[in-house]
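Novice:
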C-alpha cells in the first residue's frame, strides 16, 4: 500500500495505517531528536511525544506527500520546547559521535569538532543545518516545514555554513 493511501486511512482513524507510517519514519525522527538533546532516553521521549501529537492531529495534515516534513516539524518544535523548558545544554559523549552518520572520510576528532560547532549555532541556523544535511530535505521542504520563505531558508543555511567555516577555521564544509 502506498504512503498516500496509508495517510488517508490514518486521517480517517485507522491506527494500523498510522503505525505503519511511523515505523517508516521512526529512525529518522530519533536521529533528529538525538541531535537536539544528545541523550537517548530524552530523544526517545521526544519521539514518543511527537508521535502522540501527530496521531492526535493527523486530520490537520493538508497534503499527504508532506507527511515526513510535517512530522519532522512537530518533532523539531517538541525538541525545542523541551530544550526551552529544561534549559538544557548537553555535551555529546565522545563514544556517541559515530551515530551521526557523517561523511566517513572525516576522522573522529573532526566529527567531534563539527558536532560541537553545530551545537554552538543559534537554533534557527542549527535547525536548517539538521534538516538539510541530516534529514536530506530540499530548500523547498525546509521552507514548508518551518513555515518561512525559501529565501529565508537559503540565507539561514548560507549564514550557518559561514559560521561553521569560521568556527572550524577549515575549508572542510
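Numbering (the numbering used here), first residue to last: 2 to 174. Beta carbons: idealized from backbone N, C-alpha and C, even for Gly.
Under the rule that 16 or more other beta-carbon atoms within 10 Å means buried, what is residue 53, buried or exposed?
Specialist: If you number the chain shown from 1, residue 53 lands on position 52. The residue in question, residue 53, is exposed, as its Cβ has fewer than 16 Cβ neighbours within 10 Å.
Novice: For residue 43 and residue 30, what's the separation of their Cα atoms in angstroms?
Specialist: Residue 43 sits at position 42 when you count from the first residue of the chain shown. Residue 30 sits at position 29 when you count from the first residue of the chain shown. Taking the straight line from one Cα to the other gives about 13 Å.
Novice: I think residue 115 touches residue 169, with their Cβ atoms under 8 Å apart; what is that distance to the nearest whole Å?
Specialist: On the chain shown, residue 115 is found 114 positions in, with the first residue counted as 1. On the chain shown, residue 169 is found 168 positions in, with the first residue counted as 1. Indeed, because the Cβ distance is near 7 Å, the residues count as touching under 8 Å.
Novice: Hey, residue 9 and residue 65: beta-carbon distance below 9 Å or not?
Specialist: On the chain shown, position 8 is the one that residue 9 refers to. On the chain shown, position 64 is the one that residue 65 refers to. It is a contact, given that the beta carbons lie within the stated cut-off.
Novice: Ignore the nearest five residues each way along the sequence and tell me which others in residue 133's own chain have a CB closer than 7 Å to its CB.
Specialist: Sequence index remark: in the chain shown, residue 133 carries index 132 (1-based). Excluding residues within five positions, the ones whose Cβ falls inside 7 Å are 143, 158.
Novice: Residue 129: buried (16+ other C-beta within 10 angstroms of its C-beta) or exposed?
Specialist: Here residue 129 refers to the residue found at position 128 when the chain shown is read from its first residue. Per the 10 Å Cβ criterion, buried.
Novice: Excluding sequence positions up to five away, which residues of its chain have a Cβ less than 6 Å from the Cβ of residue 86?
Specialist: Locating residue 86 in the chain shown gives position 85, counting from the first residue. Closer than 6 Å at the Cβ level, and outside the excluded window around residue 86, lies no residue.
Novice: Given a cut-off of 9 Å, decide if residue 69 and residue 199 are closer than it, judged by their beta-carbon atoms.
Specialist: The question about residue 199 has no answer here: the residues shown for the chain are numbered 2 through 174.
Novice: What three-state label does DSSP hand residue 15 in the structure shown?
Specialist: For the purposes of this step, residue 15 is identified with residue 14 of the chain shown, where counting begins at 1. The answer is coil: DSSP assigns residue 15 none of H, G, I, E or B.
Novice: Relative to the C-alpha of residue 165, which candidate in 125, 73, 121 has its C-alpha closest?
Specialist: Working through the chain shown from its first residue, we reach residue 165 at position 164. Ranking 125, 73, 121 by Cα distance to residue 165 puts 121 first.
Novice: Quick one: what does DSSP say residue 5 is sitting in, helix, strand or coil?
Specialist: Counting from 1 along the chain shown, the entry for residue 5 is found at position 4. If DSSP states are grouped into helix, strand and coil, residue 5 belongs with the helices.
Novice: My guess is that residue 74 and residue 146 are in contact by the Cβ rule of under 8 Å, so how many angstroms apart are they, rounded?
Specialist: Start at 1 with the first residue of the chain shown, and residue 74 comes out as number 73. Start at 1 with the first residue of the chain shown, and residue 146 comes out as number 145. Indeed they touch by this definition, with Cβ atoms about 4 Å apart.
Novice: How is the alpha helix (DSSP H) around residue 143 delimited, first residue to last?
Specialist: Within the chain shown, residue 143 is the residue found at index 142, counting from 1. First-last of the alpha helix (DSSP H) with residue 143: 140-147.
Novice: Which of helix, strand or coil does DSSP assign to residue 86?
Specialist: The sequence position of residue 86 within the chain shown is 85, counting from 1. Residue state, collapsed to three classes: helix.
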